[in-house]
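Heads up: the sequence shown is residues 109 to 444, going by my numbering.
In this text, a Cβ means the ideal position worked out from N, Cα and C, and glycines have one as well.
Given the structure is predicted, the values throughout are model-derived calculations rather than measurements.
Everything below concerns the one structure shown next.
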Amino acid sequence: MNKLERFIREIPKAELHLHIEGSLEPELLFDLAGRNGLKLKYHSVDELKQAYSYGNLQDFLDIYYAGAVALREELDFYDLTLAYLRKARKQNIVHAEIFFDPQTHTSRGISFDTAISGILRGLEDGKRETGITGRLIMCFLRHLDESSAFETLESALPYKNHIVAVGLDSSEKGHPPSKFTRVFEKALAEGFLTVAHAGEEGPAEYIREALDLLKVSRIDHGYAAIDDPELLNRLIREKIALTMCPLSNQMLKVYPDLTLHPLKKMLDMGVKVTVNSDDPAYFGGYVNENFLSIAGALGLTREDILQLAVNSFEASFLDPEEKQRWIDAVLNYSLP
Ligand code: ADE
Ligand code: ZN
């Protein structure tokens, strides 16, 4: 292992863009299907892994929603969450802001309470075991309609103290942030922070809408801003972080060639860029593999890695004191 690789692996980091359903590893998927008496289309873990090849975001989403059917009981969501935290611990992730998609479950008859109770219990026991602090972000599926999002928001209100923000994910093209303006207005009025996937496959205009209409604190992905100097300046001026996911972009053909990824250009301009794993079980790597791939493709330096790690805490929803404590730990970090 060279020095930069060790630095990447060992420096403390926060993960800000992780779909818990996307951390369902094929082995666990098979276990859960078995104990829930479900028959899968695939006969083995290897056969399932063969299917993990995508031409675009929708190809992936079809497989991701199909995989989520294995999650049925509270214990399944608990096991899923704990498994992610154990993986994250090994990568020196010390804080994780985790998305979950309630509609992926409620639409097939699994209650909101079943899903969130398992995840929250996983976060609690996981914190005790790994030390990782967790925050939960509830995402609305943008391919569904406004009334379904309102219904989901209503189900979340009793859990207000356990959900830091609401987000927007799923099929981007044709489903602009403006479709959910009123839902996000209500969420903001209820005290939730907001984030949204924008500019992954969709245009820069969706990033503007997320900022202007949904009042987001961060943009998930945000690559489309690279061709829009005015928007780039705004992201820098307003210190809006982008949660980027290089292996996801490679696998979903957003940037099939990672040497063309805009991460380094944006970082050098002063955009608050972060590195995350999105759906690690489906894209071949957790946070450190994402760092290593993009560092290799773009020739990132130790200073770049340090900045990305600092950004991960600055852009987090931790309290100011906790943020500062981790930023100091990152800045003072030196390899033994
Ligand atoms: N849901 C899970 N991963 C996603 C991604 N990368 N984009 C949109 N929705 C998602
Ligand atoms: Zn995502």
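Taking the alpha carbon of residue 214 as the point to measure from, which residue in 249, 154, 265 and 111 has its own alpha carbon closest? If you number the sequence shown from 1, residue 214 lands on position 106. It is 249.
Distance, Cα to Cα, residue 374 vs residue 320? Your numbering for residue 374 matches position 266 in the sequence shown. Your numbering for residue 320 matches position 212 in the sequence shown. When rounded, the distance between both Cα atoms is 21 Å.
Nearest candidate by alpha-carbon position, reference residue 263, set 147, 111, 244 and 221: The residue given as residue 263 occupies position 155 in the sequence shown. Looking at the Cα atoms, 221 is the closest of the given residues.
Is it a yes or a no for the stretch 374-386 touching the stretch 183-191, going by three-plus beta-carbon pairs under 8 Å? no
DSSP state of residue 205, grouped into three classes? Taking the first residue of the sequence shown as 1, we reach residue 205 at position 97. Residue 205: strand per DSSP, three-state reduction.
Closer than 6 Å by C-beta to residue 405: which residues in its own chain qualify, once you throw out the five before and the five after it? Chain order, please. Within the sequence shown, numbered from 1, the residue matching residue 405 stands at position 297. Result list for residue 405: 366 and 367, in chain order.
Hey, could you find the ends of the beta strand (DSSP E) residue 380 is sitting in? Your numbering for residue 380 matches position 272 in the sequence shown. First-last of the beta strand (DSSP E) with residue 380: 380-383.
Evaluate the contact criterion for the stretch 245-259 versus the stretch 278-294: three or more CB pairs, one atom per stretch, below 8 Å. yes
Per DSSP, residue 326 forms a beta bridge with which residues? On the sequence shown, position 218 is the one that residue 326 refers to. DSSP lists 303 and 349 as partners of residue 326.
From the DSSP output, read off the bridge partner residues of residue 277. Residue numbering aside, residue 277 sits at position 169 when the sequence shown is read from its first letter. Looking at the DSSP assignment, residue 277 forms a beta bridge with 249.
Residue 127 bridges to which residues according to DSSP? Along the sequence shown, read from residue 1 onward, the residue named residue 127 stands at position 19. Per DSSP, 207.
Is residue 328 near the ligand ZN, going by C-beta to nearest heavy atom under 7 Å? Numbered from its first residue, the sequence shown carries residue 328 at position 220. The answer is yes for residue 328.
Assign residue 409 to one of two classes, buried (16 or more other C-beta atoms within 10 Å of its C-beta) or exposed (fewer than that). Taking the sequence shown and counting its residues from 1, the one referred to as residue 409 is at position 301. So residue 409 counts as exposed.
Pick out whichever of 417, 331 and 303 has its Cα sitting closest to the Cα of residue 439. Looking up residue 439 in the sequence shown gives position 331. The candidate whose alpha carbon is nearest that of residue 439 is 417.
Count the other CB atoms within 10 Å of the CB of residue 239; is the residue buried (16 or more) or exposed (fewer)? Against the sequence shown, residue 239 aligns to sequence position 131. Answer is exposed; the Cβ neighbour count stays below 16.
Check each candidate in 229, 231 and 277 and name the one with the smallest Cα separation from residue 252. The residue labelled residue 252 in the question sits at position 144 within the sequence shown. It is 277 whose Cα lies nearest to the Cα of residue 252.
With a cut-off of 8 Å, do at least 3 Cβ pairs link the stretch 136-148 to the stretch 337-352? no
Specify the secondary structure class of residue 97 as computed by DSSP and reduced to three states. Look at the range of the chain in this structure, 109 to 444, and you will see that residue 97 is not part of it.
Round the Cβ separation of residue 395 and residue 201 to the nearest angstrom and send it over; I've been treating them as touching at under 8 Å. Walking along the sequence shown from the start, residue 395 turns up at place 287. Walking along the sequence shown from the start, residue 201 turns up at place 93. Separation of the CB atoms of residue 395 and residue 201 is rounded to 6 Å, and the pair is thereby assigned contact status at 8 Å.
Looking only at its chain, what residues have a beta carbon closer than 6 Å to the beta carbon of residue 398, apart from the 5 residues adjacent to it on each side? Position 290 of the sequence shown, counted from the start, is the residue given in the question as residue 398. So the list reads 354, 355, 383 and 385, once near-sequence residues are dropped.
Roughly how many whole angstroms lie between the Cα atoms of residue 122 and residue 287? The residue given as residue 122 occupies position 14 in the sequence shown. The residue given as residue 287 occupies position 179 in the sequence shown. Their backbone Cα atoms lie some 30 Å apart in a straight line.
Closer than 7 Å by C-beta to residue 172: which residues in its own chain qualify, once you throw out the five before and the five after it? Chain order, please. The residue you call residue 172 lines up with position 64 of the sequence shown. For residue 172, where only same-chain residues beyond five positions count, the Cβ hits under 7 Å are 129, 130, 387 and 390.
Could you give the DSSP three-state label for residue 439: helix, strand or coil? Residue mapping note: residue 439 aligns to position 331 of the sequence shown, counting from 1. In the structure shown, residue 439 sits in a helix (DSSP, three-state: H, G or I).
Could you tell me whether any non-hydrogen atom of the ligand ADE is closer than 7 Å to the CB of residue 387? Residue numbering aside, residue 387 sits at position 279 when the sequence shown is read from its first letter. Checking every heavy atom of the ligand ADE against the Cβ of residue 387, one is found closer than 7 Å.
From residue 429 to residue 311, what distance separates their C-alpha atoms? Numbered from 1 along the sequence shown, position 321 holds the residue referred to as residue 429. Numbered from 1 along the sequence shown, position 203 holds the residue referred to as residue 311. Taken atom to atom, the span from the alpha-carbon of residue 429 to that of residue 311 is near 36 Å.
Just mark residue 346 as buried or exposed, buried being the case when its beta carbon has 16 or more other beta carbons within 10 Å. Taking the sequence shown and counting its residues from 1, one reaches residue 346 at position 238. Result: exposed.
Looking at the structure shown, is residue 360 part of a helix, part of a strand, or coil, going by DSSP? Translated into positions along the sequence shown, residue 360 becomes position 252. If DSSP states are grouped into helix, strand and coil, residue 360 belongs with coil.
If I'm right that residue 306 touches residue 327 with Cβ under 8 Å, what's the distance once you round it to whole angstroms? Stepping through the sequence shown from its first residue, residue 306 is reached at position 198. Stepping through the sequence shown from its first residue, residue 327 is reached at position 219. Indeed they touch by this definition, with Cβ atoms about 5 Å apart.
So residue 414 is in the alpha helix (DSSP H); what residue range does that whole segment cover? As a first step, residue 414 must be located in the sequence shown, where it is residue number 306. Its alpha helix (DSSP H) spans residues 410-422.
Looking only at C-alpha atoms, which of 142, 296 and 415 sits nearest to residue 177? The residue you call residue 177 lines up with position 69 of the sequence shown. Considering only alpha carbons, the answer is 142.
Go ahead and label residue 298 buried or exposed: buried means 16 or more other beta carbons lie within 10 angstroms of its beta carbon, across all protein chains shown. For the purposes of this step, residue 298 is identified with residue 190 of the sequence shown, where counting begins at 1. Exposed.
Residue 244 - DSSP class collapsed to helix/strand/coil: Taking the sequence shown and counting its residues from 1, one reaches residue 244 at position 136. Three-state result, residue 244: strand.
Any non-hydrogen atom of the ligand ADE closer than 7 Å to residue 308 Cβ: Residue numbering aside, residue 308 sits at position 200 when the sequence shown is read from its first letter. Yes, the ligand ADE has a heavy atom inside 7 Å of this Cβ.
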